[in-house]
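In the working numbering, the protein residues as written are 20 to 298.
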């Protein structure tokens with residue numbers, strides 16, 4: 020039944036772009052826009068914010084609020100005792116916006132559903148947003164993205180015989196420095212458990228070069244000669260982060276510490292793409 024409802028909501032959102040087979044999306048037009056569990060100002064506020072220019076998958080809208088598919092950087096939670104090896108055990112399981120029963124229910128999973136594990140906190144498990152879940156954003160901070168226009172039909176151009184010129188010698192290019200490959204440990208998902216002995220959520224600004232790290236994570240590194248020193252792990256919008264790989268950046272956000280991890284994890288809130296890095 021939930022799958023049928025989700026399909027209907029998605030069909031409404033896709034009606035404007037059905038002819039182009041494009042998923043309907045909205046673009047965020049405000050800075051750090053609030054995301055909520057329901058379509059009203061009194062609904063619970065999610066800890067993450069939507070950034071200006073971010074594109075979200077449109078589901079439906081009502082009374083000035085837009086339902087969107089939660090992006091991958093959003094975390095949801097389930098009680099750990101009801102999940103075994105990533106599979107839901109009871110007939111119905113509430114998925115919540117935070118690690119306690121005081122947080123709102125954002126989705127209900129069925130027995131046998133698989134969930135993607137991301138970490139633990141006390142007796143709760145952090146998971147990726149399941150298919151069919153949704154969150155809400157104020158319509159006044161969004162705009163619908165117009166579907167792409169069909170390609171124009173070009174008239175045939177007469178073929179002209181090209182003038183053959185002698186090839187010019189290609190100047191020798193300096194080889195780019197090799198980007199270090201991921202280690203065996205970095206190719207595996209990293210289970211992050213908050214270290215309650217350290218202060219969490221401190222706002223900071225960190226500069227470095229963005230590299231890939233464990234699945235779902237990136238890292239900022241300081242480059243000195245041929246050596247790279249990791250500064251911090253980075254969690255952010257994967258679609259946005261992938262376009263910034265191997266570039267010098269100044270990232271701003273909150274720092275968190277996890278057990279058995281020597282460097283902090285930065286949750287990105289703002290990005291400066293043109294920092295001045297000094298070794």
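Where a beta carbon is used, it is the ideal one built from N, C-alpha and C, also for glycine.
Asked: With a 10 Å radius around its C-beta and 16 neighbouring C-beta atoms as the bar for buried, classify residue 118 as buried or exposed.; Found: buried
Asked: Provide the residue span of the alpha helix (DSSP H) that contains residue 257, from first to last.; Found: 257 to 261
Asked: Once you ignore the five residues that flank residue 25 on each side, which residues in its own chain have a CB closer than 6 angstroms to its CB?; Found: In this prediction, residue 25 has a pLDDT of 39, which is less than 50 and means its spatial position is unreliable; nothing more can be read from the coordinates.
Asked: Just to confirm my understanding: we take residue 291, look at its own chain, exclude 5 residues before and 5 after, and list those with CB closer than 7 angstroms. What are they?; Found: 268, 269
Asked: Would you mind working out which of 248, 253, 265, 294 sits nearest residue 274, comparing C-alpha positions?; Found: 253
Asked: Going along the chain, which residues of its own chain have a beta-carbon closer than 8 angstroms to the beta-carbon of residue 164, five neighbours each way excluded?; Found: 43, 44, 45, 46, 74
Asked: Could you check if residue 125 belongs to the surroundings of the ligand ATP, using beta carbon to heavy atom distance under 6 angstroms?; Found: Judged by which ligands are present, the structure shown has none, so any question about the ligand ATP falls away.
Asked: Suppose you measure from the CA of residue 236 to the CA of residue 60; what does that come to, to the nearest Å?; Found: 32 angstroms
Asked: I think residue 127 touches residue 114, with their Cβ atoms under 8 angstroms apart; what is that distance to the nearest whole Å?; Found: 7 angstroms
Asked: Straight-line CA distance for residue 146 to residue 96?; Found: 6 angstroms
Asked: In the DSSP assignment, what are the bridge partners of residue 227?; Found: 268
Asked: Which word fits residue 297, buried or exposed, when buried means at least 16 other C-beta atoms lie within 10 angstroms of its C-beta?; Found: At residue 297 the pLDDT is 48, less than 50, meaning the model places this residue with poor confidence and gives no usable figure here.
Asked: Could you tell me how far apart the beta carbons of residue 134 and residue 99 are, in whole angstroms, since I believe they sit closer than 8 angstroms?; Found: Going by Cβ atoms, the distance from residue 134 to residue 99 rounds to 11 angstroms, so no, they are not a contact pair.
Asked: Which partner residues does residue 147 have in the DSSP bridge list?; Found: Bridge partners of residue 147: none, in fact.
Asked: Determine, using beta-carbon pairs with one atom in the stretch 278 to 291 and one in the stretch 253 to 262, whether at least three such pairs fall under 8 angstroms.; Found: yes
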